[in-house]
């Protein structure tokens, strides 16, 4: 476990060196992308092999971030199309048109999930009447 701080410090220093000009430091960084430090690479490899659970943890975090990103994208899409979804005069309205809950339903008659959820939606409509 003592190697982990060394790996983190190494990554931070490498990141700083690679972007030295962004910090006003004169350092030739063009060659950094083509230079590989075999000792550093081996330490990272050894650490990952000794602690493979870190890969699982990283994959879980990546999945979590991807889901959050998709969720935010969906929210933004709904926000940008809110008017079309809620104020379309050609769309049918069921239940209380002045209710405090608005449900926009996308329904496929051949979709088994859509059929299973229908009773719950009808119950929600009754509650908001």
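Residue numbers (this note's numbering): 3 to 131.
The beta carbon of each residue, even a glycine, is placed where N, CA and C say it ideally should be.
Keep in mind the model is a prediction, meaning the values are calculated, not measured.
Same chain only: Cβ atoms within 7 angstroms of residue i, ignoring 5 sequence neighbours per side
i: residue 131; result: 97, 98
i: residue 127; result: 96, 97
i: residue 3; result: Here residue 3 scores only 47 on pLDDT, less than 50, and its place in the model should not be relied on; the value that follows carries that caveat. Excluding sequence neighbours, residue 3 sits near nothing in its chain.
Test item: CB-CB of residue i and residue j under 7 angstroms
i: residue 123; j: residue 106; result: no
For residue i, the nearest candidate out of the options (CA to CA)
i: residue 110; options: 119, 103, 84, 104; result: 119
i: residue 129; options: 102, 51, 62; result: 102
i: residue 104; options: 115, 94, 44; result: 94
Own chain partners of residue i with C-beta closer than 6 angstroms, once the 5 adjacent residues on each side are dropped
i: residue 59; result: none
i: residue 116; result: 109, 110
i: residue 82; result: none
Own chain, CB closer than 8 angstroms to residue i, minus 5 neighbours either side, in chain order
i: residue 47; result: none
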